[in-house]
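Asks: Position 192 (the sequence shown) corresponds to 192 in full-length UniProt numbering; numbering is contiguous.
Got a structure here, written out as structure tokens. Questions coming.
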Amino acid sequence: MHGTEITNKLIVRKAAAGPSINNLLAPVRKLSDSEKNFLASRTDADAERPKTKEAETEIQIDGRIVLVSRIISPRETVSVAYTEDFEYLAGGYADGIIRMYRSDNSEPSHKLVDPEVTRSPVTCIKHRPTSKSYPISNTLTCTYTNGCVKCWNYNFNQCVYTIREKRQTYGLTYHPRLPKFVTYGDDMNIYMYDEETRTQERTLTKSDNPNAHDGHTSRIYAACFNPRSNHEVCTGGWDNVVQFWDLRQPHAIRHIGGVHICGEGIDINQKGTELITCAFQKDKSIQHWDYPSGKLIKNVEPDIHQSKLYCGKYVGKDFFVCGGTDPNILRFFDIGMGFTKCLVQDLPTAVYGLDLGPPPKINPANRNAPIQKNELTGVPKIAVAAGKGLFQFEPK
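This is the structure we're talking about:
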């Protein structure tokens, strides 16, 4: 398939845009030029910040973890990410603005927006994984409900390039080693781009065979590359199916069912041997799977709190963290012990997204100290998007 150049010009997709997903993510009315200029130039300090439930809620924590910062903004937070060096924490908001704060003291630092995405919710924020071949670039790549995919250089508040997809775009995921990423949304397709040549390389989609389960039939909300493979990626969404793809083939090669994904609720461990699904459902919301075979390893018991989950990630080899709603909780689960190590309750709203921060600093004097009960050894700082708040937690 021939690629399409990624520039500031329009990139046309054949798929029609679908309906908005809900009131939070739906783009609002078209703004006048004067309104766009006003919103693009204003700062958080321009608006008075009334008291909100995010600021007043007393969060309950059961376990060895503490709340280290609480950042309240005027609009709902939809997505969250740390920068490559963890110096800044970025929140994607329902008004189309990416607000960035210093992760150490929560001071506002940057604001990324332009008239093209004003009032279009920021559904995802990611940066390219760093390595010797790909050092820190000081950029963030973001998706929006109006179909825009924008790469920002936050040091200069400058948009580096824009992709315009004719759909609602719900997220993107970078390849773990190569300068490539995939995007996904409401048209049931996965688009893969090369970031260096700025071309679309391929489209992953369902075949025309009505009897084949080789692609999605509804909106896609999550994608995760296998860290041990250059060609394998998993996706999930509203059709209750997790699809397994080989990038060298246009259609999915296998699938697992019964998993209703509504956010970034799929992750693969660093060995590439196991997959975890965090589903928006009361029954079997957390499941561990054997990646090579697709067989279920176990259903993770919800303790006394059954929550519908939006997001979840592995944290090293020993833990995973997940968040959701009904009730609004953040949960740290010990994989080896098989139980919840720490629980954050009474968050103001659902946990829509989370990201892993800098690794913990180990005191050499405590290196050989015995591990205490409920200690979260090796767990980094965690950032959470909930309501109008960005919250940071870290182990005691």
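No residue lacks a Cβ here, since even glycine has one placed at the ideal position from N, Cα and C.
Helix, strand or coil for F38, going by three-state DSSP, please let me know.
Replies: Legend: pLDDT at F38 = 38, less than 50; position of this residue unreliable, no value from coordinates given.
Asks: Does the beta-carbon distance from R219 to G171 come in below 8 Å?
Replies: Not a contact, by the Cβ cut-off of 8 Å.
Asks: Check whether the Cβ atoms of F225 and H175 lie closer than 8 Å to each other.
Replies: For F225 and H175, yes; Cβs fall inside 8 Å.
Asks: Return the chain-ordered list of same chain residues with a C-beta closer than 7 Å to the C-beta of H2, the five sequence neighbours on each side being excluded.
Replies: At H2 the pLDDT is 40, less than 50, meaning the model places this residue with poor confidence and gives no usable figure here.
Asks: Quick check on this structure: which residue in P380, L140, T340 has the alpha carbon closest to the alpha carbon of H127?
Replies: Comparing Cα-Cα distances from H127 to each of P380, L140, T340, the minimum goes to L140.
Asks: DSSP state of E394, grouped into three classes?
Replies: It is a strand residue.
Asks: Take L309 as the anchor and find which of W152, D326, P179 has the nearest alpha-carbon.
Replies: Residue D326 is the option with its Cα nearest to L309.
Asks: Pull up the DSSP beta-bridge partners for W289, would you.
Replies: In the DSSP output, where bridge partners are listed per residue, W289 has L275, L296.
Asks: According to the Cβ coordinates, are F320 and L376 closer than 8 Å?
Replies: No, the pair does not count as a contact, with Cβ atoms beyond the cut-off.
Asks: Measure from the alpha carbon of T143 to the alpha carbon of each residue in I97, S137, P179, D104, then state which is nearest.
Replies: T143 has its Cα closest to that of I97, out of I97, S137, P179, D104.
Asks: Closest to F280 by C-alpha separation, out of P292, K271, Y352, would be which residue?
Replies: Nearest C-alpha to F280: Y352.
Asks: Run through the DSSP bridge pairs and tell me what A386 is partnered with.
Replies: For A386, which the question treats as bridged, DSSP gives the partners V351, G389.
Asks: So for E116, helix, strand or coil by DSSP?
Replies: Note: E116 maps to helix in three-state DSSP.
Asks: Quick one, are the C-beta atoms of Y221 and I276 less than 8 Å apart?
Replies: Cβ atoms of Y221 and I276: not closer than 8 Å.
Asks: Taking buried to mean at least 16 other C-beta atoms within 10 Å of its own C-beta, is V66 buried or exposed?
Replies: Burial call: exposed.
Asks: Could you check what DSSP says for Q270 in three-state terms: helix, strand or coil?
Replies: The answer is coil: DSSP assigns Q270 none of H, G, I, E or B.
Asks: Secondary structure at E201, three-state DSSP: helix, strand or coil?
Replies: Three-state result, E201: strand.
Asks: Can you look up Q345 in the DSSP assignment and give me helix, strand or coil?
Replies: Note: Q345 maps to strand in three-state DSSP.
Asks: Apart from the five residues on each side of it in sequence, which residues of its chain come closer than 6 Å, Cβ to Cβ, to T217?
Replies: So the qualifying residues of the chain are D239.
Asks: Kindly list the residues whose CB is nearer than 6 Å to the CB of E394, restricted to its own chain and excluding five residues on each side of it in sequence; keep chain order.
Replies: Cβ within range, chain order: V68, K381.
Asks: Does the separation of the CB atoms of R167 and N230 fall below 8 Å?
Replies: In this structure, N230 does not lie closer than 8 Å to R167 by Cβ.
Asks: I need the DSSP call for G92, collapsed to helix, strand or coil.
Replies: Note: G92 maps to strand in three-state DSSP.
Asks: Does the count of Cβ pairs from the region 197-216 and the region 245-253 closer than 8 Å reach three?
Replies: Yes, they touch.
Asks: Quick check on the burial criterion: 16 or more other C-beta atoms within 10 angstroms. Buried or exposed for A212?
Replies: Flag for A212 reads exposed.
Asks: What separation, rounded to the nearest whole angstrom, lies between the Cα atoms of T349 and G324?
Replies: The straight-line gap from Cα to Cα measures roughly 9 Å.
Asks: Would you tell me roughly how many angstroms separate the C-alpha atoms of G258 and E84, rounded to the nearest one?
Replies: Using only the alpha carbons, I get a separation of about 35 Å.
Asks: May I ask you to report which of helix, strand or coil DSSP gives R164?
Replies: Strand at R164.
Asks: Which of the three DSSP states, helix, strand or coil, is assigned to L309?
Replies: If DSSP states are grouped into helix, strand and coil, L309 belongs with the strands.
Asks: With DSSP collapsed to three states, give me the class of T83.
Replies: Of the three classes helix, strand and coil, the one that applies to T83 here is coil, per DSSP.
Asks: Which residues in the same chain as K284 place their Cβ atom closer than 6 Å to its Cβ, once the five residues preceding and following it in sequence are excluded?
Replies: Only N299 meet the Cβ criterion.
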